[in-house]
Amino acid sequence: MVKARPNPARTEASLPDASVFPPADIPQRRETYRHGDLRRALLDAGVALAREGGPAAVVVREATRRAGVVPNAAYRHFANRDDLFDAVRGAALGALARAMEREIRRATRGITAAPERARAAFKAVGTGYVRFAQTEPGLFRAAFAAQPFDVGAAQPRADARGDGGRDPFQILCDTLDQLVASGVLGAARRPGAEFLAWSSVHGMAMLALDGPLRGLGAAQIESMADRLVAMVKKGL
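If you want our numbering, it's the 1-based position in the sequence shown plus 309.
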């Protein structure tokens, strides 16, 4: 059994490769708002706050201060703090979706056999999910805070989609469907598999982020994520 160390300070070298999730994937902070799209400027500020401090850090007054406008100006675009946070949450889900897509592209590059490609894509979804939680903890917490995530929506909210038009949950579902189509997973075992897989990987991500595994180094977390996804796939 791996023993979690009591929160050692991580060196820069021990962190996951930040290039996997380049900063351009999510709105960046602007110094002040001058003219044009105030809603965009406020959302940029809200996302920057979430990156720095998670959901609790997203407040209208600080977002308007960073955008360089008076607090009342925000209410022309966001009814209240919850409205602003919901937009930030959508941006965070979109960033997660794009991170998962990138991980899939990287993992499946050069693989032509359908079964192996499906296996690699499924693994990439899980490891990419955990890695995003480690490299963007504030956004990860924001993505799954408070408001329900409508996993049954036929048309996911636009801001939660990746470049392929699919949100994180749908990307997971797509990889499971590929396992069935390639003969790796029996069709009879497909119904509900997304909830089992998601629950397992999300639990691992949260244990490593806020739970007793948070003291582990990046390499240990990556190794555990690999093993967890392999166990989930075998269990399915």
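Even for Gly, the Cβ is constructed at its ideal location relative to N, Cα and C.
Item to complete: State the CB to CB distance for the pair ARG360 and GLU445, rounded to an integer number of angstroms; the pair is presumed to be in contact (CB under 8 Å).
Response: Yes, ARG360 and GLU445 are in contact; Cβ-Cβ is about 7 Å, under 8 Å.
Worksheet item: Hey, would you say HIS441 sits closer than 7 Å to ALA408, going by beta carbons?
Response: Reading the sequence as shown, one finds Phe at residue 441 and not His. With respect to the 7 Å criterion, PHE441 and ALA408 are classified as neighbours on the basis of their beta carbons.
Discussion item. With H, G and I counted as helix, E and B as strand and the rest as coil, what does DSSP make of LEU518?
Written reply: Three-state DSSP puts LEU518 in a helix.
Discussion item. If you measure between the beta carbons of ALA429 and THR417, is that distance less than 7 Å?
Written reply: Their beta carbons are under 7 Å apart, which means ALA429 touches THR417 by this criterion.
Practice prompt. Pick out whichever of TYR384, GLU531, ASP476 and ILE413 has its Cα sitting closest to the Cα of GLN487.
Written response: If you compare the alpha carbons of TYR384, GLU531, ASP476 and ILE413 with that of GLN487, the shortest gap goes to ILE413.
Worksheet item: Is GLY399 closer than 7 Å to ARG498 when the C-beta atoms are compared?
Response: No; because the gap between Cβ atoms is not below 7 Å, this pair is not in contact.
Practice prompt. Determine the contact status of VAL434 and LEU481, defining contact as a CB-CB distance below 7 Å.
Written response: With a cutoff of 7 Å on beta-carbon distance, VAL434 and LEU481 are scored as near each other.
Worksheet item: Does the beta-carbon of PHE504 have 16 or more other beta-carbons within 10 angstroms, so that it is buried, or is it exposed?
Response: Of the residues assessed, PHE504 falls on the exposed side of the cut-off, its CB having fewer than 16 other CB atoms within 10 angstroms.
Worksheet item: In angstroms, rounded to a whole number, what distance separates the CA positions of THR436 and VAL379?
Response: Roughly 42 Å between the two C-alpha positions.
Item to complete: Reducing DSSP to helix, strand and coil, say where ALA388 ends up.
Response: In the structure shown, ALA388 adopts coil according to DSSP, grouped into three states.
Worksheet item: How long is the line joining the alpha carbons of PRO477 and TRP507, rounded to whole angstroms?
Response: Rounded to whole angstroms, PRO477 to TRP507 spans 10 Å at the Cα level.
Worksheet entry | Start-to-end residues for the alpha helix (DSSP H) that takes in ASP535 | 527-544 is the span of the alpha helix (DSSP H), which, as asked, contains ASP535.
Item to complete: Tell me the start and end of each unbroken alpha helix (DSSP H) in the stretch 377-444 that is at least 4 residues and wholly inside, in chain order.
Response: Taken in chain order, the whole alpha helix (DSSP H) runs of length 4 or more contained in the stretch 377-444 are 390-417 and 423-444.
Worksheet item: How big is the Cα-Cα spacing for ALA318 and ARG523?
Response: Its pLDDT being 42, under 50, ALA318 is placed unreliably in this model, and the value from its coordinates should be taken loosely. Their backbone Cα atoms lie some 11 Å apart in a straight line.
Fill in: Straight-line Cα distance separating ARG370 from LEU547
No statement about residue 547 is possible, as the shown extent of the chain runs from 310 to 545 and does not include it.
Practice prompt. Note down the Cα distance separating LEU402 from ARG390, rounded to an integer number of angstroms.
Written response: When rounded, the distance between both Cα atoms is 18 Å.
Practice prompt. For ALA451, collect the residues of the same chain with a Cβ closer than 8 Å to its Cβ; drop the 5 residues on either side in sequence, then sort them by chain order.
Written response: Here ALA451 has ALA359, GLY363, PRO364, VAL367, PHE394, VAL397, ARG398 and ALA401 as same chain residues with Cβ atoms under 8 Å from its own Cβ, once five neighbours each way along the sequence are excluded.
Worksheet item: PRO500: which of GLY419, ASP468, ASP483 and TYR438 sits nearest, CA to CA?
Response: It is ASP483.
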